[in-house]
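A.B. asks: Here UniProt numbering is used: the sequence shown runs in plain steps of one and ends on residue 375.
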Amino acid sequence: MSLPSPAWPQQDEPSPCGTTGALPPASSDSDSGCALEEYLEPPEVPPCSPQPGSACDRTRLRARALLQQLPPQDCDERYCPGLAEEERRQLRAFSARRRQEALGQGLACPVPGPCHGCPCRKCGRRLNKGDPGVSASRLGDQFWHPSCFSCHFCQQQLVDLIYFQQDGRIYCGRHHAELFRPRCASCDQLIFMEECIEAEGRRWHLEHFCCLECDEPLRGQRYVMRSGRPCCRRCFESLFAEPCQACGDPIGADSERVTHQGLHWHARASCLCCSLCRAPLRGQPLTCLRGRLFCSDSCSRGQDGSSTASDSSDSAFASAPSPECPPVPRAGAAGRSSAAGGGRQRGEGDGRSLCYGVGANPGDFGDGRRLCYGG
Numbered sequence: 001m002s003l004p005s006p007a008w009p010q011q012d013e014p015s016p017c018g019t020t021g022a023l024p025p026a027s028s029d030s031d032s033g034c035a036l037e038e039y040l041e042p043p044e045v046p047p048c049s050p051q052p053g054s055a056c057d058r059t060r061l062r063a064r065a066l067l068q069q070l071p072p073q074d075c076d077e078r079y080c081p082g083l084a085e086e087e088r089r090q091l092r093a094f095s096a097r098r099r100q101e102a103l104g105q106g107l108a109c110p111v112p113g114p115c116h117g118c119p120c121r122k123c124g125r126r127l128n129k130g131d132p133g134v135s136a137s138r139l140g141d142q143f144w145h146p147s148c149f150s151c152h153f154c155q156q157q158l159v160d161l162i163y164f165q166q167d168g169r170i171y172c173g174r175h176h177a178e179l180f181r182p183r184c185a186s187c188d189q190l191i192f193m194e195e196c197i198e199a200e201g202r203r204w205h206l207e208h209f210c211c212l213e214c215d216e217p218l219r220g221q222r223y224v225m226r227s228g229r230p231c232c233r234r235c236f237e238s239l240f241a242e243p244c245q246a247c248g249d250p251i252g253a254d255s256e257r258v259t260h261q262g263l264h265w266h267a268r269a270s271c272l273c274c275s276l277c278r279a280p281l282r283g284q285p286l287t288c289l290r291g292r293l294f295c296s297d298s299c300s301r302g303q304d305g306s307s308t309a310s311d312s313s314d315s316a317f318a319s320a321p322s323p324e325c326p327p328v329p330r331a332g333a334a335g336r337s338s339a340a341g342g343g344r345q346r347g348e349g350d351g352r353s354l355c356y357g358v359g360a361n362p363g364d365f366g367d368g369r370r371l372c373y374g375g
């Protein structure tokens, strides 16, 4: 499919603010339109060890920024070998439309006389005649400070002033594409399938939603999110489950728990109980002393026969809790560690939450769901 070449604004002379020249037009109708092809020729990245401030280091940093801002897989099917034919067709049409309607390159030039006193499109500060500025032909007679010519979403300065416009705002290629299509958190490709999986605010191809440790497909399975990636229950419980402070057994992903100062307990009566009198602590006031739970100030003092009155400062019932071990409030208090209410504990402050994959009953967790997109 022949794609039109973008009409790049040309710079005949180096710009006053030192910005690199514009990209040349595509050399043929079969050109993919991928801006990276104009930069990442083999001589462009010499095989040397980067040195601070060296030309090699700067070239590598520039190439890295280009890969981030202009992902080649967003515009060239050759970088997406796993796509079905219909997905390839959609990618070609999507890329061609973006190039025709949104792609441009800023022009670095002094602010002309007719624009004297105009505000910077981003920060609103005044631009005077002769000041270094950047204009974008797709947005009319507007100017930016060179440092303000950045993506509206990620705020990164646009490499070589390459931008995509949408509703009067400029974006890098990555975040402009994500205005229209979701991006797979696993392969970093845009999703052109009619269905995808969403969990924790991120999306996956159906076949890419797998355990981060064993690669087991998790569609229709229960899973735990760890550092933004799904983990099957088996791997989570064998590798990451926290031990109970009382019994020493791992606390399963779907087990109720109480957490305090990095210590964890099963919420069952045999573990969540006073270390001295064994009174159940679910829904009751409790205090923590040297990693043990107690139901009262007297029990916490009775644990250590040599304790003095000052030792009671470790108790939840004292007026001045010890900095070493702040008291645990009544189990069940909002925003605190609790096993009251019968719900499973989620998050626990370490980024984990138990979810369901596609096809399973969400039950108490309900984060994993399948989204449908039109073709």
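All C-beta atoms, glycine included, are put in the ideal place defined by N, C-alpha and C.
State the Cα-Cα distance for the pair L289 and C295, rounded to the nearest angstrom.
C.D. replies: Their Cα atoms are separated by approximately 11 Å.
A.B. asks: Using the C-alpha atoms, what's the distance from D215 back to L161?
C.D. replies: Taking the straight line joining both Cα atoms gives about 40 Å.
A.B. asks: Just tell me which of E101, P132 and L272 has its CA closest to the CA of R138.
C.D. replies: Residue E101 is the option with its Cα nearest to R138.
A.B. asks: Mind reading off the beta-carbon distance from residue 376 to R202? Whole number of angstroms is fine, and I expect it under 8 Å.
C.D. replies: The structure shown does not extend to residue 376, since the chain spans only 1 to 375, so no value can be given for it.
A.B. asks: As a quick exercise: from F149, A108, Q105 and R97, pick the residue whose alpha carbon is nearest that of C120.
C.D. replies: Selected option, being the one with the closest Cα: F149.
A.B. asks: Can we say the stretch 65-82 touches the stretch 90-98, given the rule of at least three CB pairs closer than 8 Å?
C.D. replies: In short, these stretches touch, since the Cβ pair count reaches three.
A.B. asks: Taking the CB atoms as reference points, tell me whether C247 and C271 lie closer together than 8 Å.
C.D. replies: It is a contact, given that the beta carbons lie within the stated cut-off.
A.B. asks: List the endpoints of the continuous alpha helix (DSSP H) containing H176.
C.D. replies: Here the alpha helix (DSSP H) through H176 covers G173 to A177.
A.B. asks: By a C-beta neighbour count over all protein chains shown, 10 Å radius and 16 as the cutoff for buried, is L66 buried or exposed?
C.D. replies: It is buried - the Cβ of L66 has at least 16 other Cβ atoms within 10 Å.
A.B. asks: Does the separation of the CB atoms of R226 and F164 fall below 8 Å?
C.D. replies: Their beta carbons are not under 8 Å apart, which means R226 does not touch F164 by this criterion.
A.B. asks: With C-beta atoms as the reference, is L239 less than 8 Å away from E213?
C.D. replies: Yes. Within cutoff.
A.B. asks: Rounded to whole angstroms, what is the Cα-Cα separation between L234 and R169?
C.D. replies: In the sequence on display, residue 234 carries Arg and not Leu. Cα to Cα, R234 sits roughly 46 Å from R169.
A.B. asks: Taking the straight line between their C-alpha atoms, what separation do you get for Y171 and Q284?
C.D. replies: Cα to Cα, Y171 sits roughly 54 Å from Q284.
A.B. asks: What number of angstroms, rounded off, separates the C-alpha of V258 from the C-alpha of P250?
C.D. replies: Straight-line Cα distance between these residues: approximately 13 Å.
A.B. asks: Are the Cβ atoms of C244 and H266 separated by less than 8 Å?
C.D. replies: Yes. Within cutoff.
A.B. asks: When you compare only the Cα positions, how much space is there between D57 and R292?
C.D. replies: Straight-line Cα distance between these residues: approximately 54 Å.
A.B. asks: Note the first and the last residue of the continuous beta strand (DSSP E) segment covering G133.
C.D. replies: First-last of the beta strand (DSSP E) with G133: P132 to S135.
A.B. asks: Just to check my reading of the structure: D131 and P110 have Cβ atoms closer than 8 Å, yes? What is that Cβ distance to the nearest angstrom?
C.D. replies: Right, the Cβ-Cβ distance comes to about 7 Å (below 8 Å), so this counts as a contact.
A.B. asks: State the start and end residues of the unbroken beta strand (DSSP E) segment that holds C299.
C.D. replies: Careful: C299 lies outside any beta strand (DSSP E), inside the alpha helix (DSSP H) at D297 to G302.
A.B. asks: With H, G and I counted as helix, E and B as strand and the rest as coil, what does DSSP make of A65?
C.D. replies: Reduced to three states, the DSSP call for A65 is helix.
A.B. asks: To the nearest angstrom, how far is it from the Cα of R301 to the Cα of L263?
C.D. replies: Each residue's alpha carbon lies about 21 Å from the other.
A.B. asks: Just to confirm my understanding: we take R126, look at its own chain, exclude 5 residues before and 5 after, and list those with CB closer than 7 Å. What are they?
C.D. replies: Correct list, in chain order: G117 and P119.
A.B. asks: For L263, which residues does DSSP report across the bridge?
C.D. replies: Its beta-bridge partners are H260.
A.B. asks: Would you mind giving the Cβ-Cβ distance between P230 and Y223, rounded to the nearest angstrom? I have them listed as a contact below 8 Å.
C.D. replies: Between Y223 and P230 the Cβ distance is about 4 Å, and since that is below 8 Å, they are a contact.
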